[in-house]
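Engineer:
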Amino acid sequence: MTERRPGTLARMASGPHSSGVGPKSVPLPAVRDRAQDELEGLRVELARLRVELAATQGELEARVRESEAKEVQLERYAADLREIFKQERARALELQRSYIVTVRALSNAVEARDAYTAKHAERVAAYGLTVARAMGVALADDPATEFGFLLHDVGKVAIPDGILHKPGPLTTEERAVMERHPVIGAEIIAEIPFLAGDAAAVIRSHHERWDGSGYPDRLAGDAIPLAARIFAVADVFDALTTSRPYRTASSFAEAREEIIAVSGRHFDPVVASAFGTIPDAVLAALASP
Ligand SMILES: [Fe+2]
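In my numbering, the protein residues as written are 40 to 328.
1. Which residues have their C-beta within less than 6 Å of a heavy atom of ligand 1, listed in chain order?
2. Report all residues from its chain with a CB closer than 8 Å to the CB of residue 243; omit the five preceding and five following residues, and keep chain order.
3. Since residue 306 sits in a beta bridge, which residues does DSSP pair it with?
4. By the 10 Å Cβ neighbour count, where 16 or more other Cβ atoms means buried, how is residue 21 classified, buried or exposed?
5. In terms of DSSP beta bridges, what is residue 286 paired with?
6. Which whole-angstrom value describes the C-beta separation of residue 200 and residue 149, a residue pair presumed to lie in contact below a C-beta threshold of 8 Å?
7. Are the CB atoms of residue 325 and residue 237 within a distance shorter than 7 Å?
8. In the DSSP assignment, find the alpha helix (DSSP H) that holds residue 316 and state where it starts and stops.
9. At what residue ranges does the stretch 203-255 contain a whole run of the alpha helix (DSSP H), taking only runs of 4 or more?
10. Evaluate the contact criterion for the stretch 316-325 versus the stretch 160-179: three or more CB pairs, one atom per stretch, below 8 Å.
11. Closest by CA to residue 284, which one among 247, 68 and 206?
12. Can you list, in chain order, the residues of its chain whose CB lies under 6 Å from that of residue 281, leaving out five sequence neighbours each side?
13. Taking only the alpha-carbon atoms, compute the straight-line gap between residue 129 and residue 298 and give it to the nearest angstrom.
14. Just how far apart, CA to CA, sit residue 42 and residue 71?
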């Protein structure tokens, strides 16, 4: 076996046919030292990268934890908001119920003075809302409309019994007193915010007539608030179809004829026409709930 001497590696690598002008031969220990240096350098670099990676991982984990904590916090906020919304809705419903109870109590107090008009307000409210729905107008869904219908005659609390309960026709002076009830009613509810708008409009204008011959402001046509125009038909229909001390009740058919007869003079023709589309069975069910 041939002994290889140090320093011959590069020479051997250059091959037997080397011209002798190739790379210079490098001593083997130098090659080994350089490789070891490079290896050491790589180890140091690897260690540095590991440290860097560990730091990055730590940072990422911290961010994930932070993100999870924020998510938990957001879920808590969302749960709190849902709870607040639920409580607010319950409070709003409770408030709405309070309004309805208050309005009905006031309406009953007005009607308690006149046995002959018992439940008149509830019937006209039901008729009026049915007409409003038949017309497809937005005020049908506004609670203030029903409040106005129920409280239309609240001003009658200020009318003396002698006039309010007089069985026969009123004198001119008595009629003037009676015709003050819409204005008095509007004054009574003027400071109640939830009765502003349509409710107040019905209370003040429910005796106006389409041709301007009504009271108290002698409004005509579209100048009369729509809720009041609708109510006027319902009010007269109920008055005609219930018995009073001085006359017996008309049938539904007779009452319809009377309403049609004064449509365009007493009533808004569009409202009177919408009323005409409501079947007797529906009106009968509303009359005797
Ligand atoms: Fe009235």
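Every residue gets a Cβ at the ideal spot worked out from N, C-alpha and C, and that includes glycine.
Structural biologist: Walking through what the data contain:
1. Result: 191, 192, 220, 245 and 246.
2. In the sequence shown, the residue the question calls residue 243 occupies position 204. Here the set comprises 221, 222, 224, 225, 255, 256 and 267.
3. Numbered from its first residue, the sequence shown carries residue 306 at position 267. 302.
4. Nothing about residue 21 can be reported from this structure: the residues present for the chain run from 40 to 328 only.
5. Locating residue 286 in the sequence shown gives position 247, where the first residue counts as 1. According to DSSP, residue 286 bridges with 283.
6. Position 161 of the sequence shown, counting from 1, holds the residue named residue 200. Position 110 of the sequence shown, counting from 1, holds the residue named residue 149. The Cβ separation is near 13 Å, so there is no contact.
7. Here residue 237 refers to the residue found at position 198 of the sequence shown. Here residue 325 refers to the residue found at position 286 of the sequence shown. No.
8. As a first step, residue 316 must be located in the sequence shown, where it is residue number 277. If you look at residue 316, you'll find it isn't in any alpha helix (DSSP H); DSSP assigns it neither H nor E.
9. Qualifying alpha helix (DSSP H) stretches, in chain order: 211-217, 220-227 and 237-244.
10. yes
11. Locating residue 284 in the sequence shown gives position 245, counting from the first residue. For residue 284, the closest C-alpha among the options 247, 68 and 206 is that of 206.
12. Numbered from 1 along the sequence shown, position 242 holds the residue referred to as residue 281. Result list for residue 281: 288, in chain order.
13. On the sequence shown, position 90 is the one that residue 129 refers to. On the sequence shown, position 259 is the one that residue 298 refers to. Rounded to whole angstroms, residue 129 to residue 298 spans 43 Å at the Cα level.
14. Start at 1 with the first residue of the sequence shown, and residue 42 comes out as number 3. Start at 1 with the first residue of the sequence shown, and residue 71 comes out as number 32. With a pLDDT of 45 at residue 42, under the threshold of 50, the modelled position of this residue cannot be trusted, and the question is left open.
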